[in-house]
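Participant: First the structure, then my questions, so here it is.
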Amino acid sequence: MNNRWGLKNLGVGLGLRTAHYGTILADDPPVDWFEIISENYMQTEGRPLYMLDQIAERYPIVMHGVSMSIGSTDPLDEAYLRALRALKKRVRAAWLSDHLCWTGVAGKHVHDLLPLPYTEEALRHVTERVRYVQDFLDAPILLENPSTYIEFQGSTMPEYEFLSRLAEDADCGILLDLNNIYVSCFNHGYDPHAYLDAIPMDRVVQFHVAGHTNCGTHLIDTHIGPVIDPVWTLFREAYERTGGRSMLLEWDAEIPSFEETHKEALKAHRFATFPKRPRRSPNTPAGPADTADTADTADAADAQASTSTPPSKDAP
Amino acid sequence: MSTNRLRSLEAWFQTVITHPIDARHGAEEAEDIARQLGHGRVDEIVTSGPAISAEARLELYHYAYHARLVECLADDFAAVQDAIGERAFEEIARQYIAAHPSTHPNLNAFGAQFPEFLRTRANGRSDVRFAAELARLEWAVVEAIHAPESAALSAEALASVSAEAWPTLRLLPSSTLQRLMFDYPVNRYFQAYMNDDPIEIPAPEWSAVAVYRQDWRVYRMPLTRSMDNVLGAILRGQPLIEALSVLDAEDEVDPEDVTTWFKEWMASGFFSGLSTPSETAAR
Ligand SMILES: [Fe+2]
Chain A
898 MNNRWGLKNL
908 GVGLGLRTAH
918 YGTILADDPP
928 VDWFEIISEN
938 YMQTEGRPLY
948 MLDQIAERYP
958 IVMHGVSMSI
968 GSTDPLDEAY
978 LRALRALKKR
988 VRAAWLSDHL
998 CWTGVAGKHV
1008 HDLLPLPYTE
1018 EALRHVTERV
1028 RYVQDFLDAP
1038 ILLENPSTYI
1048 EFQGSTMPEY
1058 EFLSRLAEDA
1068 DCGILLDLNN
1078 IYVSCFNHGY
1088 DPHAYLDAIP
1098 MDRVVQFHVA
1108 GHTNCGTHLI
1118 DTHIGPVIDP
1128 VWTLFREAYE
1138 RTGGRSMLLE
1148 WDAEIPSFEE
1158 THKEALKAHR
1168 FATFPKRPRR
1178 SPNTPAGPAD
1188 TADTADTADA
1198 ADAQASTSTP
1208 PSKDAP
Chain B
32 MSTNRLRSLE
42 AWFQTVITHP
52 IDARHGAEEA
62 EDIARQLGHG
72 RVDEIVTSGP
82 AISAEARLEL
92 YHYAYHARLV
102 ECLADDFAAV
112 QDAIGERAFE
122 EIARQYIAAH
132 PSTHPNLNAF
142 GAQFPEFLRT
152 RANGRSDVRF
162 AAELARLEWA
172 VVEAIHAPES
182 AALSAEALAS
192 VSAEAWPTLR
202 LLPSSTLQRL
212 MFDYPVNRYF
222 QAYMNDDPIE
232 IPAPEWSAVA
242 VYRQDWRVYR
252 MPLTRSMDNV
262 LGAILRGQPL
272 IEALSVLDAE
282 DEVDPEDVTT
292 WFKEWMASGF
302 FSGLSTPSET
312 AAR
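Protein chains in written order, with our numbering: chain A, 898 to 1213; chain B, 32 to 314.
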């Protein structure tokens, strides 16, 4: 089964993180594609974009945002959408995603993925906004199921029903995060397989997997690897049901070496068969080595992550 | 289409999780909104989980909100955090978060007012006064990372200026260049911090530094008072020939030194172009 838009299965991707720029540009590792946090390349005209431009020359890029705030009752931020559209064109992004959440109201940004009440009122509201954004960007967007730690008493349907109906009503795609399904279902006492059963697989364009932190009474979506087996099992199931989609490992805190991160992502091959990718062009000259003899601290980018706790800005 | 209920719910939730103390205090502050929603208790609005209460669940969001922003500041102001200690840093960072909540979709500029905020919080504490100066330097580094790239003025372009144009020649600064002056030896301290050398908060002492980016990396160049005078004159837009001779006999500087500094600034890409009254060129 293909997805509605015929968007390609890009294979096994990695979240692009500042800590790995040097290795990627020097070694040209055989990663199928990279996902960027869109906001890290906005409000900057300096080094982050310079690095990204080089990486986008060599690898397919997918954009993943954390601040569209599709569920907020504040007006959509036109300047933000324009910046998103410009970045998409600049890096020739294969597609663009954000989360089923809101991230602030009354002009403030809390930089967290906050849960929505799953009501008819919210569904109509979000549907209208997704349609507007897709018209603005002239492209489908994918919305990702978030990790949540509360539910609202006023909700009249489960999250999977809200997400499925939204995808149909607004004609948008789904970025299915298997770890988020696992985390949220644990936190609210649901069966993750039942969640999976309810998702319209022809609308799924991409998967996320990640590690989380088990706090006993609840799970926190920390994006600290490795991925636990039950999440890989969910991935295998979802991958089979869709007939195969691009998959990406998110690792955002306590980030290990590039090799270790990539190795964790490549475990996906144990659970799914990906299309053979054409070999990319051989090593091209690398960018400047990233030594630390200057005041060049970490790019003050990579400030946002798609988790609730703890924060996950890259270390230098 | 009405979204009144959703709007109130979002306002309630945000008030609860962004309260400076904790979610319980936030819920007290948001009581009016809760009443509009027809509710009194927190667990009438959000559910308890299988193993934790509604209040504890809200605290998770409250914690995450503050921790993320404190971490963002700690990343941009790592030396400040090291200088005043993690606890003092977190305390002042939380005050900053309450006073300057983010209004942008990304966090790149979130720390912009932090140096000034620190300065106003010093209240005679010399360590915080020093930290405010250090924060200015760290923020200049952040700004240099994100500044747009500008091509450097070449020595050839400068040499090709005609003799007649020379008296009115002015240099345009690179978009990444910043000149900072301090009441403390801030750059010396910062360098020691970067080198992992043992450091203590220094006594007041005038200092200056140029922060700039070259080949996509950020550098700091310490400036003596004389160097700072000359560079300052250039950056204020004085004709180059006048700027290079602002030093008088009291400065006890060999004119050859001035030439050496200037060559170093040129080689470091401090300038992006030049202008003369009759022509404007940026090379
Ligand atoms: Fe995700």
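Where is the CB? At the ideal position from N, CA and C, for every residue including glycine.
Have a look at A:Y947, A:P1127, A:E1151, A:P972 and flag the residue whose alpha-carbon is nearest the alpha-carbon of C1075 of chain A.
Facilitator: Residue identity differs from the one stated: residue 1075 of chain A is Leu in this sequence, not Cys. With distances taken between Cα atoms, L1075 of chain A lies closest to A:P1127.
Participant: What do you get for P957 of chain A, buried or exposed, if any count of 16 or more other CB atoms within 10 angstroms of its CB means buried?
Facilitator: buried
Participant: So, for G908 of chain A: in the same chain, excluding its five sequence neighbours on each side, which residues have a beta-carbon less than 6 Å away from its beta-carbon?
Facilitator: A distance below 6 Å between beta-carbons, with the five flanking residues on each side excluded, links G908 of chain A to the following residues of its chain, in chain order: D929, F1171, R1174.
Participant: Which value, in whole angstroms, describes the spacing of the CA atoms of S276 of chain B and K294 of chain B?
Facilitator: 15 Å
Participant: For the region 1137-1163 of chain A, list the alpha helix (DSSP H) runs that are entirely contained and at least 4 residues long, ordered along the chain.
Facilitator: 1155-1163
Participant: Under the three-state reduction of DSSP, which class applies to F145 of chain B: helix, strand or coil?
Facilitator: helix
Participant: For Q1050 of chain A, which residues in chain B fall below 7 Å Cβ to Cβ?
Facilitator: Going along chain B in sequence order, the residues near Q1050 of chain A (Cβ under 7 Å) are E75, I76, V77, T78.
Participant: Measuring only between beta-carbons, confirm whether M939 of chain A sits less than 9 Å from chain B.
Facilitator: yes
Participant: Under a three-way DSSP split, which group does F1033 of chain A fall into?
Facilitator: helix
Participant: Would you be able to state if there are at least three C-beta pairs under 8 Å between the region 91-102 of chain B and the region 126-134 of chain B?
Facilitator: yes
Participant: I'd like to know if D1126 of chain A contacts chain B, where contact means its C-beta is closer than 9 Å to some C-beta of that chain.
Facilitator: It does not: the Cβ of D1126 of chain A has no partner Cβ on chain B nearer than 9 Å.
Participant: Does DSSP classify P1213 of chain A as helix, strand or coil?
Facilitator: With a pLDDT of 28 at P1213 of chain A, under the threshold of 50, the predicted position of this residue should be treated as unreliable, though the coordinate-derived value follows. It is coil, neither helix nor strand.
Participant: Buried or exposed for D1118 of chain A, going by 16 or more other Cβ atoms inside 10 Å?
Facilitator: Buried, because 16 or more other Cβ atoms sit within 10 Å of the Cβ of D1118 of chain A.
Participant: Closest Cβ-Cβ distance between Q112 of chain B and chain A: below 9 Å?
Facilitator: no
Participant: Measuring only the C-alpha atoms, how far is N1084 of chain A from I83 of chain B?
Facilitator: One alpha carbon belongs to N1084 of chain A, the other to I83 of chain B, and they sit about 9 Å apart.
Participant: State the beta-bridge partners of W999 of chain A as determined by DSSP.
Facilitator: A:L1011
Participant: For the region 125-141 of chain B, enumerate the residues whose C-beta is nearer than 9 Å to any C-beta of chain A, in chain order.
Facilitator: P132, S133, T134, H135, P136, N137, L138, N139, A140, F141
Participant: Under three-state DSSP, which class holds T290 of chain B?
Facilitator: helix
Participant: Please go through the same chain and pick out, in chain order, the residues whose beta-carbon is closer than 8 Å to the beta-carbon of E41 of chain B, but skip the five residues on each side of it.
Facilitator: Excluding its 5 nearest sequence neighbours in each direction, E41 of chain B has no C-beta neighbour in its own chain below 8 Å.
Participant: Kindly identify the DSSP beta-bridge partner or partners of V240 of chain B.
Facilitator: Looking at the DSSP output, V240 of chain B bridges to B:L211, B:P253.
Participant: Inspect the beta-carbon positions of P253 of chain B and V240 of chain B and report whether they are closer than 9 Å.
Facilitator: Judged by beta-carbon spacing, V240 of chain B lies within the 9 Å limit of P253 of chain B, meaning their Cβ atoms are closer than that value.
Participant: Evaluate M898 of chain A with the Cβ neighbour count: other Cβ atoms within 10 Å of its Cβ, from every protein chain shown; 16 or more gives buried, anything less gives exposed.
Facilitator: exposed
Participant: Taking all protein chains shown into account, do 16 or more other C-beta atoms lie within 10 angstroms of the C-beta of H97 of chain B, making it buried, or fewer, making it exposed?
Facilitator: buried
Participant: For ligand 1, any of its heavy atoms closer than 8 Å to the Cβ of L1072 of chain A?
Facilitator: yes
Participant: Could you tell me which of A:V1102, A:H1006, A:Y1136, A:I921 sits nearest to N900 of chain A, measuring between CA atoms?
Facilitator: A:V1102
Participant: Is it the case that the Cβ atoms of M212 of chain B and S238 of chain B are separated by a distance below 9 Å?
Facilitator: yes
Participant: State yes or no: is the C-beta of H1115 of chain A nearer than 8 Å to some heavy atom of ligand 1?
Facilitator: no
Participant: So within the region 35-112 of chain B, which uninterrupted alpha helix (DSSP H) runs reach at least 4 residues, ignoring any that extend past its ends?
Facilitator: 35-48, 54-60, 62-67, 85-107
Participant: Measure from the C-beta of A1183 of chain A to each C-beta in chain B and report whether the shortest distance is under 9 Å.
Facilitator: At A1183 of chain A, the pLDDT of 35 sits below 50, so the modelled position is not reliable; the number obtained from the coordinates is stated separately. No, no contact with chain B.
Participant: Under the assumption that S185 of chain B contacts S206 of chain B (Cβ atoms under 8 Å), give the Cβ distance between them as a whole number of angstroms.
Facilitator: Between S206 of chain B and S185 of chain B the Cβ distance is about 17 Å, and since that is not below 8 Å, they are no contact.
Participant: Is any beta-carbon of chain A found at less than 9 Å from that of A95 of chain B?
Facilitator: yes
Participant: Whose Cβ in chain A lies nearer than 9 Å to the Cβ of A42 of chain B?
Facilitator: T970, V1002, A1003
Participant: Quick check: the Cα distance between D1032 of chain A and V1007 of chain A, rounded to an integer number of angstroms?
Facilitator: Spanning the two alpha carbons is a distance of roughly 26 Å.
Participant: Spatial neighbours of L1063 of chain A within its chain, please: CB distance less than 8 Å, with the 5 preceding and 5 following residues excluded, ordered by chain position.
Facilitator: L997, L1020, V1023, T1024, V1027, L1040, C1069
Participant: For A166 of chain B, which residues in the same chain have their Cβ closer than 7 Å to its Cβ, ignoring the five residues on either side in sequence?
Facilitator: F108, V111, F145, P146, L149
Participant: H177 of chain B CB to nearest chain A CB: under 9 Å?
Facilitator: yes
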